[in-house]
Amino acid sequence: MGNGTGIGRVRGLGSAKHGGKHWIDQRLTAVGNLLLTSWLVISLLVLPNMEHETVAAWLAQPSVAVPMILMLISIFWHVRLGLQVLIEDYVHEDGNKFAVLTILNFYVLGAAAFGIFMVAKHAFTGAPA
Amino acid sequence: MAQNPNRPISPHLGVYKWGPHMAISIMHRATGFVLATAGMITLLWWIYAIASGPEAYASFQTYVVSAGAEATTLQTGTNWFFRLVALGVTWSFFQHFFSGIRHLLMDMGAGYELTTNKTWSLLVFIAAVTATGITALLVASRYMGN
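These protein sequences, in sequence, are chains A and B. Per our numbering, the first sequence runs over residues 179 to 307. Per our numbering, the second sequence runs over residues 854 to 999.
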């Protein structure tokens, strides 16, 4: 086994055994996004207007808050997988790649937690008048 | 990893003639990035504004949607900025949406014949622009009349 080139270092080690998970997760969340964003677009078109009273009462219903939370999970999971591939393809320097991937993970988890918390708080405490 | 810059490398993007399938591939990445950043941050701001009450919602509307007749120059400016962003995000959404359906179909093994592949690619572009136009007209007729 060589130690000079990348292929020389990994040759003979076998696969890491989780190569397919990233790919299948991306497709799973893609289908989730198709269904849930279609739901959001149709729901917004069906609303009579976009006044605060209307959308606040709409978002507080369990039948809206739950799919909204699921949509945030599905989208941000998909964002993490998708932008990870972009970064791995276009950021070549190891240190920069590590830094940008860290920022991506912080952004995705932070933004998803913020959105889910806001929807849950709104649904649990009721629509402010 | 140390690399010899003069090493032989395989032909890359520059040597191929551009076609719809190449354009749609790079567009899927670009629109994905737009949706992940501008799209999701605006959506989260909107959810935050709904959950935080009428004043936060009014602030969102003032800067993003329309500041009404007594708008300051800054507000009119941000309104038009966000209208352009909204148009870009809406188109990105439909482009990524239809392009994503194409990818899922291709994952099943369909659509690799040259003419079929070209037709699907062109259909995605047409569908995305059409859906964006319909959405923009709907929103304009419902919310920008007054």
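All C-beta atoms in this analysis are idealised placements derived from N, C-alpha and C, irrespective of residue type, glycine included. These numbers come from a predicted model, not from an experiment.
query                                                                                                                                       : result
Within chain B, the residues that Arg205 (chain A) reaches when beta carbons sit closer than 9 Å                                            : His956, Leu957 and Asp960
Burial state of Tyr869 (chain B), where buried means 16 or more other Cβ atoms lie within 10 Å                                              : exposed
Residue range of the unbroken alpha helix (DSSP H) whose run includes Ile236 (chain A)                                                      : Position check: residue 236 (chain A) holds Trp in this sequence, whereas Ile was assumed. First-last of the alpha helix (DSSP H) with Trp236 (chain A): His230 to Ala238.
Contact the segment 943-950 of chain B vs the segment 980-995 of chain B: 3+ CB pairs below 8 Å                                             : yes
CB contact below 8 Å: Arg882 (chain B) versus chain A                                                                                       : yes
Val257 (chain A) and Val286 (chain A) closer than 8 Å at C-beta                                                                             : yes
Near-chain B residues of the segment 246-265 of chain A (beta-carbon distance less than 8 Å), N- to C-terminal order                        : Met246, Ile253, Phe254, Val257, Gly260, Leu261 and Leu264
Inside the segment 865-896 of chain B only - alpha helix (DSSP H) runs reaching at least 4 residues                                         : 873-887
As assigned by DSSP and simplified to three states, the class of Ile185 (chain A)                                                           : helix
Limits of the unbroken alpha helix (DSSP H) element including Glu908 (chain B)                                                              : Pro907 to Phe913
Option in A:Leu250, A:Gly273 and A:Leu264 with minimal Cα separation from Thr215 (chain A)                                                  : A:Leu250
Val297 (chain A) at chain B interface by Cβ criterion, 8 Å                                                                                  : yes
Contacts around Ile253 (chain A), its chain only, beta-carbon distance under 7 Å, and the 5 residues preceding and following it disregarded : Asn211
Rounded straight-line distance, which links the Cα of His300 (chain A) to that of Ala307 (chain A)                                          : With a pLDDT of 43 at Ala307 (chain A), under the threshold of 50, the modelled position of this residue cannot be trusted; read the value that follows with caution. C-alpha separation (whole angstroms): 12 Å.
Contact with chain B by Ala234 (chain A), beta-carbon distance below 8 Å                                                                    : yes
C-beta neighbour in chain A for Ala993 (chain B), strict 8 Å                                                                                : no
For Gly197 (chain A), the three-state DSSP class (helix, strand or coil)                                                                    : helix
Simplified DSSP state of Asn227 (chain A), which is helix, strand or coil                                                                   : coil
Terminal residues of the alpha helix (DSSP H) in which Ile987 (chain B) lies                                                                : Leu967 to Tyr996
Sequence-distant residues of its chain with Cβ nearer than 7 Å to Asn999 (chain B) (five each side left out)                                : Note that Asn999 (chain B) scores 45 on pLDDT, short of 50, meaning its location in the model is unreliable; the coordinates nonetheless yield the value given after this. Nothing listed; no residue qualifies.
Distance between Asn859 (chain B) and Gly260 (chain A) (C-alpha atoms, nearest Å)                                                           : 32 Å
Ala208 (chain A), buried or exposed, once every other Cβ within 10 Å from all chains shown has been counted against 16                      : buried
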